[in-house]
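One structure is given here, and the rest of the page talks about it.
Chains as they are written, first to last, in my numbering: chain A, 1 to 305; chain B, 1001 to 1305.
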């Protein structure tokens, strides 16, 4: 089955302690859509300006991503610039230029309105809700969010939560959103606000998955060299959504989500190995299966006597 | 088989955002020995002053810990006082009084010299080495350490590493010791310095276990309420060593260590539920097995189709 992905499409400038690159393909929807495309057909909703390089469009097309929902507006593409500190965990945003993204309103082509799986990648919660307004009872809706919306659009986010099946956010956002320092308490509290499932991402430490009376702790794949953490969370969400669209034919069960977060983690672990989406350009399905196998090996244990 | 545990025995004053308690039983050897005693016979080496409360001695005896190596010196017991910040992760040491610990030299009773498993809990590496000097080819030696010794006794620590089978340290210490930001690189680098195995503790995020060409990632048990993180690392090390002493009859294999770090994590997860060693006073073997079972449930995953 297909996944509809909506979010930002950006040209990023990223500086790490080692390298700096400009005008990279970025944005939450770019990472999420490409990641999901390893598992299932993807429909992309977003906006780019008239400066958006044709080779990026070609890359998305090559990944069999349906671009009927891609808007092209007069003006410049959304630009983001950030810098990672020495530990590759701390990030400073150096500049944000909304450009054509400022007046973006996601509009669904008629063919997208019945799509069963929906990934509302990180954009304003009012825009995420606007996508759902145009849909006809999707089977499973996942929303990602960020600290900015918790700060400036909390009411919109709370309204959105009543309409989604799963929320994805990171550990500091979960604490900020709920006022709980314990991630277990934070996860459970979010479950009372609407979604049936919550995934709390912990960066290099993996993620926690919560369902009603159910819990799963997923370690992160241990990486020796992180070249660019940008988009790791979006790539995780895309892999998770794509895995579900490929494999779940009946109702989504907790067991499905456990496997989905592992595959999401596999995709994110590859993505951070190079700048922008470069690693995903050469990644094969066999690579994905191989690292999934390593994940199993490194996380299983038994009592021996 | 038995475990010999050497380390500090202290009277702690601990303040959290919620509570403060004074003159608690503490010290690396106290936590480690009591934790190990859930699995195997324990021999304790340490020193206390003449102010050490008899009820603490009785508690250790009740846990069947052999106290023939416990020295009683004239003067006051080692005292430590610390305060945890709101997140329960950041800790400030408020005061340290070495007292009788300042001139502590561990001396092994003859009956301890053949003990197969040795846990050198956190004390100065020169003292840890002095224990090994008195032993006759132990089967498996585990050393714990801390940032202080990396800073002021690095040469002693490096000398010790050539004589131990396994080093345990936390994530920031591993980075500090090796100059590597990647924990995977840090773990592998420490393996080249002597020990065959390294465990890097990540606090609430679990731990990483390294062997030659082998790797295991253990999640932490998710806790809703952490009352006092003091001694979590020592309790982890004690449970790990005790598990090995109980279950490993031939050479220690990587598979044994995977189970051992899970049982160590179980012990630590209980210990932080109350101040000092209070939780371990009422803990049962059935509690330990139960949480081990939860650990399995929350960490296993399978692909479903």
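For each residue, glycine too, the CB sits at the ideal point set by N, CA and C.
Check, Outcome
"Partners in chain B for residue 224(A), counting only beta-carbon separations shorter than 7 angstroms", "1182, 1184 and 1185"
"Minimum C-alpha distance to residue 1172(B) - residue among 1154(B), 1189(B), 1200(B) and 1158(B)", "1200(B)"
"Residue from 49(A), 5(A), 222(A) and 230(A) whose Cα sits closest to the Cα of residue 104(A)", "49(A)"
"is_contact[residue 1087(B), chain D] using C-beta, thresh 8 angstroms", "In the displayed structure, chain D is absent; the protein chains listed are A and B."
"Residues bridged to residue 1149(B) (per DSSP)", "Note: residue 1149(B) sits in no beta bridge, so no partner."
"6 angstroms Cβ shell around residue 217(A) - same chain, five flanking residues per side excluded", "208"
"Nearest-angstrom Cα separation, counted from residue 1149(B) out to residue 1193(B)", "16 angstroms"
"Neighbour-count burial assignment, residue 1252(B), 16 or more Cβ in a 10 Å radius", "buried"
"With 16 other Cβ atoms within 10 Å as the buried cut-off, status of residue 1112(B)", "buried"
"First through last residue of the alpha helix (DSSP H) which encompasses residue 267(A)", "254-271"
"Beta-bridge partners of residue 1198(B), as assigned by DSSP", "1167(B) and 1210(B)"
"Any C-beta of chain B under 8 angstroms from that of residue 240(A)", "no"
"Residue 228(A) versus residue 1291(B): straight-line alpha-carbon distance, rounded", "37 angstroms"
"The stretch 1225-1245 of chain B / the stretch 1269-1284 of chain B touching (three or more Cβ pairs under 8 angstroms)", "yes"
"Burial state of residue 1118(B), where buried means 16 or more other Cβ atoms lie within 10 Å", "buried"
"Stretch-stretch touch, CB-based, cutoff 8 angstroms, three pairs: the stretch 1135-1145 of chain B with the stretch 1229-1239 of chain B", "yes"
"Cβ neighbour criterion (16 or more within 10 Å) applied to residue 305(A)", "Annotation note: pLDDT 34 at residue 305(A) (below 50); position unreliable, coordinate value reported separately. Exposed."
"Backbone CA spacing between residue 102(A) and residue 57(A) [nearest angstrom]", "21 angstroms"
"Closer than 8 angstroms to chain A by CB, residue 1303(B)", "Since pLDDT at residue 1303(B) reaches only 41, below the 50 mark, its modelled position is unreliable, and no value is offered."
"Residues that residue 1080(B) bridges to, as DSSP identifies them", "1012(B) and 1096(B)"
"Element boundaries [beta strand (DSSP E), containing residue 1047(B)]", "1042-1048"
"Chain B within 8 angstroms of residue 298(A), Cβ atoms only", "yes"
"Cutoff 7 angstroms; reference residue 309(A); Cβ partners in own chain excluding five residues on either side", "Since the first and last residues shown for chain A are 1 and 305, residue 309(A) lies out of range."
"Residue 71(A) - DSSP class collapsed to helix/strand/coil", "strand"
"Residue range of the unbroken alpha helix (DSSP H) whose run includes residue 233(A)", "232-247"
"Length of the line joining the Cα atoms of residue 23(A) and residue 1006(B)", "58 angstroms"
"Burial state of residue 1286(B), where buried means 16 or more other Cβ atoms lie within 10 Å", "exposed"
"Pairwise C-alpha distance: residue 1185(B) and residue 1296(B)", "27 angstroms"
"Chain A contact residues for residue 1169(B), given Cβ-Cβ distances below 7 angstroms", "Simply none; closest approach about 16 angstroms."
"Contact list for residue 4(A) against chain B, beta-carbon separation under 7 angstroms", "What residue 4(A) touches in chain B: nothing, since even the nearest Cβ is about 23 angstroms away."
"Counted within 10 angstroms of its Cβ, other Cβ atoms place residue 36(A) as buried (16 or more) or exposed", "buried"
"Cβ pair residue 108(A), residue 134(A) closer than 8 angstroms", "yes"
"Chain-order list of residues whose beta-carbon lies under 6 angstroms from that of residue 299(A) (same chain, five-residue window excluded)", "219"
"Supposed contact pair residue 1121(B) and residue 1032(B) - C-beta distance, whole angstroms, cut 8 angstroms", "4 angstroms"
"Beta carbon proximity, residue 206(A) to chain B, threshold 8 angstroms", "yes"
"Assigned secondary structure, residue 223(A) (DSSP; H/G/I helix, E/B strand, else coil)", "coil"
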